[in-house]
Each structure stands twice: as structure tokens, then as C-alpha cells.
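Numbering (my numbering), first residue to last: 19 to 335.
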Ligand code: ATP
């Protein structure tokens, strides 16, 4: 069996550890692995090279992805998908492992429906694939966010300041939620539990009136005009506020031990599924067990985060 592997969408720390596990597991089952560079874009261009056991021995601790990644509009069009199937056939690649997020899985599902054997591995810092407790990259990014917030807190404490901190997540509030659960912030607003400006002000006012003058407000990206929010708080509470957008620093860095273990387990599971003739499945983790689920169901089986939000109410009361 000749297995292709690609990384697609946003890069996430731990993608290299997943590539390492895929190559080593494939070697164990005597399969050949072909690395496809730049995701679906590289697939359309036939940008490939063989990956051997020794190629991946020193990559598990590296951030980013050695295969590089890309977003590819051409692939999304009907003719693009058909071209990809043709390229795979010409290269004699009969199976594919796609490491990426929700969009990448949609593409993977379409390839599966056209007869390619495909397994998906969730790699995205946003943790927005909700069928799985964790995606590869989320834990590392959470640790980066906490480290950055810790540094902001030092200066906020010294100056009695409040800072609005915007974190990534796209339409998923997990980075903000888990940062606050880890004690990283005093007020949070996420797509799942969005606070209006007045509620943010009244929560902040309560804290300031009780003598807490340094506060972190954690906000998921894309929710507000942050300058407008900052001005609103400053005018309403007659206090000065800072805003920090953490940005792409959240994507980089060496993967955490948790992400590396998760990547190894998911990589091995993906190869195992292909070896047993399965296709059209995404691997994941639920209650500490590696699971698999049909691509079609990844948006139906949603991990409930309500208990985490309930606990946060206790922590931040
Ligand atoms: P991240 O969560 O890190 O952004 P992602 O996988 O969701 O990762 P996208 O940009 O949404 O990132 O998707 C990556 C690529 O997957 C796209 O550039 C496109 O080539 C392919 N893709 C996305 N949606 C579809 C779709 N509906 N059909 C076919 N291919 C798709």
C-alpha cells in the first residue's frame, strides 16, 4: 500500500509529530509513505516526495509542519477534486491521510466519495472540530496563551490596569474558555457565551469596586471591534484599558507533551484504519480514548462544554 500524507489549512504545533507517527506506523505495516507538500495545492501540482523512517526521526518536537500547508480554492471546485483523484491514481497512491481542520475534512470526505481511501487527523489550534475533546495543537497554543497572559498580568498588576486580550479560535471559544479555567483571566466572552459591552462593564466594575484593579478580559477573535470595546469601557468606567491581540504567536512553538502523545496515537490509529480497509473516517479522542467517526458526522457529534462554563461561573464569581 502506498499512502499519501498531507497537512492542510492552518498549521498547528504537533502536526510534525503526527507525520512522524504516520510514517513509523506505515513502516511497521510495510506500507510506503509519500509526503505531499502544501496540502491540496501540492496534491494538484504533484508536489511529492517519499518519506522514510529516518526522515521523521527528529521532527516530533518541531512546531509548524515539515510538509508545509496551504489553502487551495482550485481544489474546492468540482473539477479540482476530480483532478486530485486523477493525480493520486497516476502516482499510484491509493490511500491518503489528511491532517487539518474542518475545511480539510470536507475536502477529504469528497475524495473518499470519489473512491480514494481517506482518513482524517484533527490538527487545528482552534479546537473547533467539536466531535473530539482535543485537536492536535490546541494544548500547545493554550500554554502559549497562558504564558503571554502571565506576562501581561505582571505589568497590569504593577500599574493597576485592565487588558483586553484577544485569542484565536475562529468561531470556537475553547482557547478563551480553557485559558480562563486555568486562572488566566477574570472576564471572558466567547462565541458560545457572548457578553454585550454593558455586561462586560458591569462585571469589570464589580471587580474594581471590590479592590481588584488589574483584570484580564479574554475575548475570542472576530467577535467585536476591539477599539470600540476599549473606548466603551474607558468612557463608561472612567478607567484606562489596554488591548493586546496575541495573533500568530499562538500558532508557533514546540508542541507540548500532550499534543505529541495525542499526535502519535492519532497517527498510528489513522494508519491502522487504512491497513484494515477503512475509509471516510476522522480520528479523535473522547474521554481519553482514541475514537473514529464518519466525516459526515463530525458536526453532529458535539462535545458538550456546558459543564466547563458552569465551573467557570464558580471560578470567576
Ligand atoms: P483551520 O481550522 O486551521 O483553518 P481548515 O482545514 O478548516 O483548518 P480551511 O482553509 O477551511 O482550513 O480548509 C483547508 C482547505 O481544505 C481549503 O483551502 C480547501 O482546499 C479545502 N476545503 C475546504 N472546504 C472544502 C470543501 N467544502 N470542499 C472541498 N475542499 C474544501
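Cβ atoms here follow ideal geometry from the backbone N, Cα and C, with glycine treated the same way.
Check: residue i C-beta below 8 Å from any heavy atom of the ligand ATP
{"i": "residue 271", "result": "no"}
{"i": "residue 59", "result": "yes"}
{"i": "residue 22", "result": "no"}
{"i": "residue 343", "result": "The shown model of the chain, from 19 to 335, leaves out residue 343, and the question about it has no answer."}
{"i": "residue 124", "result": "yes"}
{"i": "residue 143", "result": "yes"}
{"i": "residue 156", "result": "no"}
{"i": "residue 278", "result": "no"}
{"i": "residue 88", "result": "yes"}
{"i": "residue 188", "result": "yes"}
{"i": "residue 30", "result": "yes"}
{"i": "residue 315", "result": "no"}
{"i": "residue 197", "result": "no"}
{"i": "residue 120", "result": "yes"}
{"i": "residue 240", "result": "no"}
{"i": "residue 267", "result": "no"}
{"i": "residue 286", "result": "no"}
{"i": "residue 33", "result": "no"}
{"i": "residue 99", "result": "yes"}
{"i": "residue 146", "result": "yes"}
{"i": "residue 207", "result": "no"}
{"i": "residue 82", "result": "no"}
{"i": "residue 27", "result": "yes"}
{"i": "residue 128", "result": "yes"}
{"i": "residue 215", "result": "no"}
{"i": "residue 91", "result": "yes"}
{"i": "residue 329", "result": "no"}
Straight-line Cα distance separating residue j from residue i
{"i": "residue 215", "j": "residue 127", "result": "40 Å"}
{"i": "residue 267", "j": "residue 299", "result": "31 Å"}
{"i": "residue 322", "j": "residue 151", "result": "9 Å"}
{"i": "residue 360", "j": "residue 43", "result": "Residue 360 lies beyond the range of the chain shown here (19 to 335); nothing can be said about it."}
{"i": "residue 65", "j": "residue 87", "result": "12 Å"}
{"i": "residue 158", "j": "residue 114", "result": "26 Å"}
{"i": "residue 165", "j": "residue 199", "result": "14 Å"}
{"i": "residue 74", "j": "residue 281", "result": "14 Å"}
{"i": "residue 217", "j": "residue 60", "result": "47 Å"}
{"i": "residue 211", "j": "residue 239", "result": "13 Å"}
{"i": "residue 290", "j": "residue 139", "result": "13 Å"}
{"i": "residue 293", "j": "residue 137", "result": "11 Å"}
{"i": "residue 224", "j": "residue 259", "result": "16 Å"}
{"i": "residue 26", "j": "residue 330", "result": "33 Å"}
{"i": "residue 135", "j": "residue 192", "result": "31 Å"}
{"i": "residue 228", "j": "residue 302", "result": "44 Å"}
{"i": "residue 160", "j": "residue 122", "result": "22 Å"}
{"i": "residue 335", "j": "residue 255", "result": "20 Å"}
{"i": "residue 327", "j": "residue 195", "result": "7 Å"}
{"i": "residue 320", "j": "residue 39", "result": "27 Å"}
{"i": "residue 21", "j": "residue 89", "result": "21 Å"}
{"i": "residue 297", "j": "residue 316", "result": "14 Å"}
{"i": "residue 209", "j": "residue 48", "result": "45 Å"}
{"i": "residue 213", "j": "residue 270", "result": "29 Å"}
{"i": "residue 100", "j": "residue 207", "result": "42 Å"}
{"i": "residue 116", "j": "residue 236", "result": "32 Å"}
{"i": "residue 50", "j": "residue 69", "result": "8 Å"}
{"i": "residue 54", "j": "residue 85", "result": "7 Å"}
{"i": "residue 234", "j": "residue 333", "result": "14 Å"}
{"i": "residue 155", "j": "residue 79", "result": "12 Å"}
{"i": "residue 30", "j": "residue 173", "result": "29 Å"}
{"i": "residue 133", "j": "residue 324", "result": "39 Å"}
{"i": "residue 37", "j": "residue 232", "result": "43 Å"}
{"i": "residue 107", "j": "residue 62", "result": "12 Å"}
Residue i - partner residues in DSSP beta bridges
{"i": "residue 199", "result": "For residue 199, which the question treats as bridged, DSSP gives no partner whatsoever."}
{"i": "residue 114", "result": "22, 136"}
{"i": "residue 310", "result": "301"}
{"i": "residue 180", "result": "233, 259"}
{"i": "residue 238", "result": "185"}
{"i": "residue 68", "result": "52"}
{"i": "residue 141", "result": "154"}
{"i": "residue 282", "result": "None, per the DSSP bridge assignment."}
{"i": "residue 205", "result": "235"}
Q | Stretch-stretch touch, CB-based, cutoff 8 Å, three pairs: the segment 127-140 with the segment 245-257 | A | no
Q.
Is it the case that the segment 270-285 contacts the segment 236-250, given that we only count it when at least three CB pairs across the two stretches are under 8 Å?
A. no
Q. Quick check: the segment 91-111 against the segment 44-63, are there 3 or more CB pairs under 8 Å?
A. yes
Q) Does the segment 256-271 touch the segment 182-201, meaning 3 or more C-beta pairs lie closer than 8 Å? A) Yes: the two stretches touch, three or more of their Cβ pairs being nearer than 8 Å.
Q) Are there three or more Cβ pairs, one per stretch, closer than 8 Å when the segment 301-321 is compared with the segment 191-205? A) no
Q. Using 8 Å as the Cβ pair cut-off and three pairs as the minimum, do the segment 140-147 and the segment 164-179 touch?
A. no
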